[in-house]
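Contents: one structure, followed by commentary.
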Amino acid sequence: MSDGNGDKVGFFSGRREIASGLGGMHARMMGFAPYRLCWRVLERFGLTGRAAVFLVPYLWLLIFFLGPFLIVLKISFSTTVIAIPPYSPVFEWTAAGPSVKLNFDNYAFLFEDQLYINSYLNSLRIAGISTLVALLVGYPIAYGMARAPSGWRLPLLMLVILPFWTSFLIRVYAWIGILKKEGLLNLALMSMGVIDEPLNILNTETAVYIGIVYSYLPFMILPLYANLEKMDLTLLEAAADLGCSRLKAFWVITIPLSLPGIVAGCFLVFIPAVGEFVIPDLLGGSETVMIGKTLWTEFFNNRDWPLASSVAVILLGILVIPIVYFQRLQAKNAG
Amino acid sequence: MTNFTWFNRASLILGFSFLYLPIILLIIFSFNESRLVTVWAGFSTMWYVEMLNNQGLMDAAWVTAKVAFASASIATVLGTMAGLTLVRFGAFRGRTLFSGMVFAPLVMPEVITGLSLLLMFVALGVDRGFWTVTLAHVTFTMCYVAVVIQSRLIGFDRSIEEAAMDLGCPPAKVFFTVTLPVIMPAIVSGWLLAFTLSLDDLVIASFTTGPGATTLPMKIYSSVRLGVTPEINAVCTVLIGVVAVGVLATSIFARRQDARRKADERLAAAGD
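Okay, here's the thing in structure tokens:
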């Protein structure tokens, strides 16, 4: 991936080529003075057609992804007022010059009120337990897929990916009909005589665990499968030849070798699960407090935008370490 | 060495039943005669008729389709550029920030993305509605497209590009006549992924929408809060059907395309 011969083989290595590639549009536009001026200015800074390929998505993400975070950060330091928009300005131009009014009350409030601390801790706990359960459920599936006859693997892979394409909301909704008091699970268990009274699962934390594991299972299975499929099976044969039992070989060979897949899968489940809103809202009832739900209520029901912003800033602060770690992992794969 | 044990079989059967049973039950009960979702009272398509007559639902479906189409198309162009940048541009200043911004939205909690985009639209004084939802969807779906394109480009044989350049083809033309056709299956599946992600999104749309731009997931969500109804089951079944047909069609298309390209390559190699 060195850029040493980039000019010869790289894309869009000069503006001349791009111009001819676009049917001389550039040449015609050069007759148009403002366009020519822009081009000269860009050129002065060393920007050519090749640069446009990365500048467009770069600028887009700067404006629509990074920019909004700075605004959230700013508003988290303002005060709620009854106005449109419902927050006071942080930076103001007064007669005496610019003034900055930073208000730390929102953050102080978050650390004083037990509700918010509980929301954060609950979210981390629920996401952690769900990730563990997803790993325990997903690993045997990924392992089975990787050991399946090679003709089966692609269809099986498609079957794992397909639920990921169907709506998250629909998949969570499907569980309501199953888990509710007069739902299908209770009906089935009672007709089999396993239980006499309907179980109360919907609107409890158990339902949230089921929902998260179910919804995020493909995210756990895919990296595990990608990893297990590449594994060199002769290592297991060698272990067996040397008298190692299959179970022990699994612990000392398969698990350590699949560690990158385990780590990637756990990140993919854990990080979004912490901020999950739909699942605790629809399956957890009023009893389960998670931070995504708290933020939603603060924003839509209480209309306290500054407080919602500081909830988001702290949540991002908690998740920034796993997110950065995950990015490193991805960037390494990108080479 | 056959390693496919009974344990592997059992875990596959149990695993896939867990993944598919809820969806299958949901589809079955959309054809239920009774309003009670859990008591089977006979086959009926009445809930589909009811759904088609529900004007609010149909309006929301139309808005959703438009948003998904527009955002997926823009996201595919931007995501392809981002994927090219990640694989082909080597180390440039700001690369870490760039790859960070591409990968972070994949795991970013939706409430944060939604809230931050909304606050920006408010700060800029933009009227919220169709276009703000579309812009928001472009921003998070382009990153998925970039990842799909990136993984395709990593396995790309660059010698065919080099051959075209050695024969005097300008780089822009090389891209459109050599590279683009090869990564086309990835572009198609990237578009489809962006389309379905936009079709499904509730949280980001709820934050960034305005009057007159209620999307289907928002409509489904507000009626789900009131309880499970067969009509919603019918809507969900239609959505699942649309997505399943789209995914199967593209995967078949992609495989055909791949097989044809491989055949062409073999032919070219034989001609040497």
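First to last, the sequence lines map onto chains A and Y. The letter at position 33 of the first sequence is residue 33 when you use the working numbering, and the numbering goes up by one with no holes. The working numbering runs 1000 ahead of the 1-based position in the second sequence. Don't be surprised by glycine CBs; every beta carbon is placed ideally from N, CA and C. Owing to the predicted nature of the structure, the values given are computational and were not obtained by experimental measurement.
| Asked | Found |
| --- | --- |
| Taking C-alpha atoms, which residue in Gly-1100/Y, Asp-1059/Y and Ser-1151/Y lies nearest to Val-1087/Y? | Ser-1151/Y |
| By a C-beta neighbour count over all protein chains shown, 10 Å radius and 16 as the cutoff for buried, is Leu-1097/Y buried or exposed? | exposed |
| Just to confirm before moving on: does the CB-CB distance between Asn-1233/Y and Leu-1026/Y stay below 8 Å? | yes |
| Decide if Met-158/A is buried, meaning its Cβ has at least 16 other Cβ atoms within 10 Å, or exposed. | exposed |
| With a cut-off of 8 Å, does the C-beta of Arg-147/A fall near any C-beta of chain Y? | yes |
| Could you confirm whether any beta carbon from chain Y is found closer than 8 Å to the beta carbon of Tyr-325/A? | no |
| Mapping DSSP to helix, strand and coil, what is Asn-1032/Y? | strand |
| Restricting to Cα atoms, I'd like to know which of Ala-1136/Y, Arg-1035/Y, Leu-1078/Y and Val-1203/Y is closest to Ile-279/A. | Val-1203/Y |
| Can you list, in chain order, the residues of the region 187-206 of chain A whose Cβ is nearer than 9 Å to any Cβ on chain C? | Reference to chain C is not applicable here, since the protein chains of this structure are A and Y. |
| 8 Å is my cut-off, CB to CB: does Ile-321/A come that close to chain Y? | no |
| Would Ser-191/A and Asn-227/A qualify as a contact pair, given that the criterion is a beta-carbon distance under 8 Å? | no |
| Can you confirm whether the region 271-291 of chain A touches the region 118-137 of chain A when touching is taken to mean that 3 or more C-beta pairs between the two stretches lie within less than 8 Å? | yes |
| Could you list which residues in chain Y have their beta carbon closer than 9 Å to that of Trp-175/A, in chain order? | Pro-1022 |
| Confirm, please, whether the CB-CB distance from Val-1188/Y to Trp-165/A is below 8 Å. | no |
| With three or more beta-carbon pairs closer than 8 Å as the criterion, would you say the region 140-160 of chain A touches the region 193-202 of chain A? | no |
| Find the residues of chain Y that neighbour Gly-292/A, judging by a C-beta separation of less than 7 Å, and give them in chain order. | Pro-1109 and Val-1111 |
| Taking the C-alpha atoms as reference points, what is the distance between Pro-149/A and Ile-129/A? | 33 Å |
| Short of 7 Å in beta carbon distance, which residues of its chain neighbour Val-1111/Y, apart from the five on each side in sequence? Order them along the chain. | Val-1203 |
| Taking only runs that begin and end inside the region 77-165 of chain A, name each unbroken alpha helix (DSSP H) of 4 or more residues, in chain order. | 105-112, 114-147 and 150-165 |
| Quick one, which of Ala-1164/Y, Leu-1216/Y, Ser-1116/Y and Val-1148/Y has its alpha-carbon nearest Gly-1192/Y's? | Inspection of the sequence shows that residue 1192/Y is occupied by Leu rather than by Gly. Of the candidates Ala-1164/Y, Leu-1216/Y, Ser-1116/Y and Val-1148/Y, the one whose C-alpha sits nearest the C-alpha of Leu-1192/Y is Val-1148/Y. |
| Hey, quick one: how far does the alpha helix (DSSP H) through Gly-1083/Y stretch, first residue to last? | 1055-1088 |
| Under a Cβ-count criterion, where at least 16 other Cβ atoms within 10 Å of its own Cβ denotes burial, should Tyr-214/A be classed as buried or exposed? | buried |
| At what residues does the alpha helix (DSSP H) containing Asn-227/A begin and finish? | 205-229 |
| Classify Asp-1258/Y as buried or exposed, calling it buried when 16 or more other Cβ atoms lie within 10 Å of its own Cβ. | exposed |
| Could you tell me which chain A residues have their CB closer than 9 Å to the CB of Gly-1190/Y, listed as they occur along the chain? | Residues of chain A passing the Cβ test: none, with the nearest at roughly 13 Å. |
| DSSP puts Phe-1043/Y in a beta bridge; with which residues? | Asn-1032/Y |
| Give a yes or no on contact between the region 1049-1062 of chain Y and the region 1212-1219 of chain Y, applying the rule of three or more CB pairs nearer than 8 Å. | yes |
| Does the distance from the CB of Val-52/A to the CB of Val-269/A come in under 8 Å? | Checking the displayed sequence, the identity of residue 52/A turns out to be Ala instead of Val. No. |
| With contact counted as at least three CB pairs below 8 Å, one residue from each stretch, are the region 1038-1057 of chain Y and the region 1117-1131 of chain Y in contact? | no |
| Kindly list the residues whose CB is nearer than 6 Å to the CB of Ala-207/A, restricted to its own chain and excluding five residues on each side of it in sequence; keep chain order. | Leu-179, Ile-201 and Leu-283 |
| How many angstroms separate the CA atom of Phe-1175/Y from the CA atom of Met-1081/Y? | 12 Å |
| Would you mind stating whether Ile-253/A and Leu-235/A have Cβ atoms separated by less than 8 Å? | yes |
| Report the option in Phe-1016/Y, Leu-1135/Y and Leu-1124/Y whose CA atom is closest to the CA atom of Thr-1209/Y. | Leu-1135/Y |
| Quick check on DSSP: helix, strand or coil for Glu-1162/Y? | helix |
| How would you list, in chain order, the residues of chain A whose beta-carbon sits under 7 Å from the beta-carbon of Gly-1168/Y? | The premise fails here: Gly-1168/Y is roughly 11 Å from chain A at the closest Cβ pair, so nothing lies under 7 Å. |
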